[in-house]
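**Student:** Shown below is the structure under consideration.
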Amino acid sequence: MTRNTGCFFCHWNVLRFLLWAIASAGWSYPVWAQQSDSLPAYVFIDTITIEGNRKTKTSLIFRELEFSAGDSLPVADLSATLERNRLRLMNLGLFSFSELHIDTLPPGNRLALHFRFIELWYLYPIPLFELADRNFNVWWSEFNRSLKRVNYGISGTHLNLSGHADVLKLNLNFGYSNRYEIVYERPWLNRRQTLGFRVATGFSRNHELAYTTDGNKQQFYVNPNNWQLTRYYANASLRWRPKLLTTHTLTAEYHLNRVSDSIATEVNPDYFLNGRKEQRHFSLIYRFTVDQRDIRPYPLSGWLAALELRQNGLLPNDDLHLFRANGELKKYFSFTSRLSLETIVKGRVVLPRRKPPFYNNQALGYGSDFVRGYEFFVMDGMDYGLFRSSFHVNVFNRTFNMGKLMPLKSFRVMPLKLYLSFNNDTGYANDPYYGAGNPLSNRWLYGYGVGIDIVAFYDKVAKLEWSWKGSGGGGFYLNINTGF
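This is how it looks when you write it as structure tokens:
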């Protein structure tokens, strides 16, 4: 939701209240609440009402607010406090639109808050069209947009199954690769809404396998008559959120991975090390997160800090024993309503310092951990460090109401924002065992570029970027996040 739409009522009513308060010099306030003869230091929240949550439980919404009926709020920070809480409700990922109306009640220092929402379309049973490659850019440029490298099937996602922001996902992927997966996540389990859980299990198999890296490019082995890699996993997580913005997560996992005889004995005996065809292990992961961002899909101010400790291999006969410590810090600076700066620092350290299996030696170039300009390359390694920065300039900010032209009510109101981004990244991947023949590993990398970021419906983000490597050369890259 844009500030213009959702917070207009908030700012106008707060201003109206303050002007009325100044004009009411005859008011009498409690001594502790007086800031001057005409302006109270605090206002009291008399009532909070909710409208539009046809599916979402009201108790879930109240849990996200940092105040409740009967509390007092400082007048000096009132507008910022109310907007921060409105955005916090949007960060649940359950609403496409929100606004806040404020009414003053006699004797004037009491407020009635009324939140109005439009819920998202929660059920997404959609045909699946998924690329088998690392990202869209690799598929488009290096594999010539081949439709043979596409997975198809059905993906069903329900984002609010019981009204408690619980998510159910079912993926049935066929085509170039196969993947079958079911996930259920419920953020709130107890009455205090501090405990949640997640369970998932899945199976996948591939005819094609990236068996090694040469020139910082993945090298593939293909056999259409035999599955080269099969993977099974199951995990269960318990989440504890004692405070609104602080989360502890403990996860237990089981993995069973198998490769073909050709991979293990001929193509790369180090894939699982020592010519093994199978890798099975239990893992335990602890993650601590503090999330103070204003708009999680596209933050403009605030910060996020996270620490993850992962032990792969809990039993003596497990095939993998690795300890990984991952950390990240994201800081966002909002200078004006149009100018902001994003900075991200991430890193990982691995113990013990012995040779890991090639399969477990991924560093930069996977997922969101990449230096812009190097999207076509991977930098494997045990450890890595990454710094990314983007200066954003908002050049367009409007809300469109499509009315009855859009049959789905959840999508009739569409906030749309466009940003210019100026990007600078640097990163380093430490690969002491597989670095030979990969000149971009074990060296600092630098990339920069410009882009256009499109943000629609609050959580749908598309980034069109022109990026260049510090060593020369570059290209156009596309990244899309649909929000579910």
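Going left to right, the sequence shown walks through residues 1290 to 1773 as my numbering numbers them.
Just so it is clear, CB atoms sit at the ideal spot from N, CA and C, and this is done for glycine as well.
Short of 6 Å in beta carbon distance, which residues of its chain neighbour Glu1597, apart from the five on each side in sequence? Order them along the chain.
**Tutor:** So the qualifying residues of the chain are Arg1576, Asn1615.
**Student:** In the structure shown, what three-state DSSP assignment does Lys1506 receive?
**Tutor:** Strand at Lys1506.
**Student:** Identify, in the order they occur along the chain, each residue of the same chain with its Cβ nearer than 6 Å to the Cβ of Ser1678, setting aside the five sequence neighbours on each side.
**Tutor:** Correct list, in chain order: Thr1632, Asn1713.
**Student:** Between the alpha carbons of Tyr1543 and His1453, how many angstroms are there, rounded?
**Tutor:** In a straight line, the C-alpha of Tyr1543 is about 28 Å away from that of His1453.
**Student:** Starting from the Cα of Gly1636, find the closest Cα among Phe1659, Phe1647, Arg1642, Leu1450 and give me that residue.
**Tutor:** Of the listed residues, the one whose Cα sits closest to Gly1636 is Phe1659.
**Student:** Classify Leu1409 as buried or exposed, calling it buried when 16 or more other Cβ atoms lie within 10 Å of its own Cβ.
**Tutor:** Buried is the call here.
**Student:** Could you name the residues that DSSP lists as bridge partners for Met1703?
**Tutor:** Met1703 is bridged to Phe1689.
**Student:** Across the region 1721-1732 and the region 1698-1713, are there enough close Cβ pairs to call them in contact, namely three or more that are closer than 8 Å?
**Tutor:** Not touching, per the Cβ criterion.
**Student:** Taking the beta strand (DSSP E) that Ile1350 belongs to, which residues open and close that run?
**Tutor:** Careful: Ile1350 lies outside any beta strand (DSSP E), inside the alpha helix (DSSP H) at 1347-1353.
**Student:** Taking the alpha-carbon positions, what's the Arg1373 to Asp1583 distance?
**Tutor:** Distance between the alpha carbons of Arg1373 and Asp1583 is about 7 Å.
**Student:** Relative to the C-alpha of Pro1395, which residue among Thr1771, Ile1334, Val1511, Ser1387 is closest?
**Tutor:** Ranking the options by Cα distance to Pro1395, first place goes to Ile1334.
**Student:** Please report the straight-line C-alpha distance between Asp1550 and Arg1565, rounded to a whole angstrom.
**Tutor:** Distance between the alpha carbons of Asp1550 and Arg1565: 9 Å.
**Student:** Cα separation between Tyr1500 and Asn1557?
**Tutor:** Roughly 7 Å between the two C-alpha positions.
**Student:** Determine, using beta carbons only, whether Asn1650 and Asp1672 come nearer to each other than 8 Å.
**Tutor:** The answer is no: Cβ separation not under 8 Å.
**Student:** Distance, Cα to Cα, Arg1468 vs Met1379?
**Tutor:** The alpha-carbon atoms of Arg1468 and Met1379 are separated by roughly 32 Å.
**Student:** What are the boundary residues of the alpha helix (DSSP H) that includes Glu1542?
**Tutor:** Taken as a continuous stretch (DSSP letters only), Glu1542 belongs to no alpha helix (DSSP H), being part of the beta strand (DSSP E) at 1535-1548.
**Student:** Hey, Ile1391 and Ala1358: beta-carbon distance below 8 Å or not?
**Tutor:** Not a contact, by the Cβ cut-off of 8 Å.
**Student:** Please report how far the alpha carbon of Ser1725 lies from the alpha carbon of Trp1757, in whole angstroms.
**Tutor:** In the sequence as displayed, the identity of residue 1725 is Ala instead of Ser. Between Ala1725 and Trp1757, the C-alpha separation is close to 25 Å.
**Student:** Is it buried or exposed, Val1744, if we count other Cβ atoms within 10 angstroms and call 16 or more buried?
**Tutor:** Burial call: buried.
**Student:** Do you know how far the Cα of Leu1371 is from the Cα of Asp1360?
**Tutor:** In a straight line, the C-alpha of Asp1360 is about 13 Å away from that of Leu1371.
**Student:** Which residues in the same chain have their Cβ closer than 6 Å to the Cβ of Leu1457, if we skip the five residues on either side of it in sequence?
**Tutor:** Once the five neighbours on either side are set aside, the close Cβ partners of Leu1457 are His1447, Leu1450, Tyr1473.
**Student:** Alpha carbon to alpha carbon, what distance is there between Glu1754 and Val1682?
**Tutor:** In a straight line, the C-alpha of Val1682 is about 14 Å away from that of Glu1754.
**Student:** Does the beta-carbon distance from Val1702 to Ser1387 come in below 8 Å?
**Tutor:** Their beta carbons are not under 8 Å apart, which means Val1702 does not touch Ser1387 by this criterion.
**Student:** Identify whether Trp1321 lies in helix, strand or coil by the three-state DSSP scheme.
**Tutor:** Residue placement at Trp1321 cannot be trusted, given a pLDDT of 33 that sits under 50; what the coordinates show is reported in the next sentence. Trp1321: helix per DSSP, three-state reduction.
**Student:** On a CA-only basis, which of Gly1740, Asn1686, Asn1515 is nearest Phe1680? Give me that one, please.
**Tutor:** It is Gly1740 whose Cα lies nearest to the Cα of Phe1680.
**Student:** Over what stretch of residues does the alpha helix (DSSP H) that includes Thr1554 continue unbroken?
**Tutor:** Neither: Thr1554 is in no alpha helix (DSSP H) and is coded neither H nor E.
**Student:** Let me make sure I understand the geometry here. Which of Tyr1717, Gly1762, Gly1763, Leu1767 has the alpha-carbon closest to that of Val1750?
**Tutor:** Nearest of Tyr1717, Gly1762, Gly1763, Leu1767 to Val1750, Cα basis: Leu1767.
**Student:** Run through DSSP, which three-state label would Glu1664 get?
**Tutor:** If DSSP states are grouped into helix, strand and coil, Glu1664 belongs with coil.
**Student:** For Asn1802, count neighbouring C-beta atoms within 10 Å of its own C-beta (all shown protein chains included) and say buried if the count is 16 or more, exposed if not.
**Tutor:** In this structure the chain extends from 1290 to 1773, so residue 1802 is not present and cannot be described.
**Student:** Ordered along the chain, which non-local residues of its own chain (more than five positions away) have a Cβ less than 7 Å from that of Thr1771?
**Tutor:** Counting only Cβ-Cβ distances below 7 Å, and skipping sequence neighbours, we find Lys1749.
**Student:** For Arg1732, does the three-state DSSP call read helix, strand or coil?
**Tutor:** Here Arg1732 sits in coil by DSSP.
**Student:** Which of helix, strand or coil does DSSP assign to Ser1626?
**Tutor:** In the structure shown, Ser1626 sits in coil (DSSP, three-state: anything other than H, G, I, E or B).
**Student:** Between Ile1552, Asn1505, Ala1489, Leu1484, which has its C-alpha nearest Thr1516's C-alpha?
**Tutor:** The amino acid occupying residue 1516 in the given sequence is Trp; Thr does not appear at that position. Considering only alpha carbons, the answer is Ile1552.
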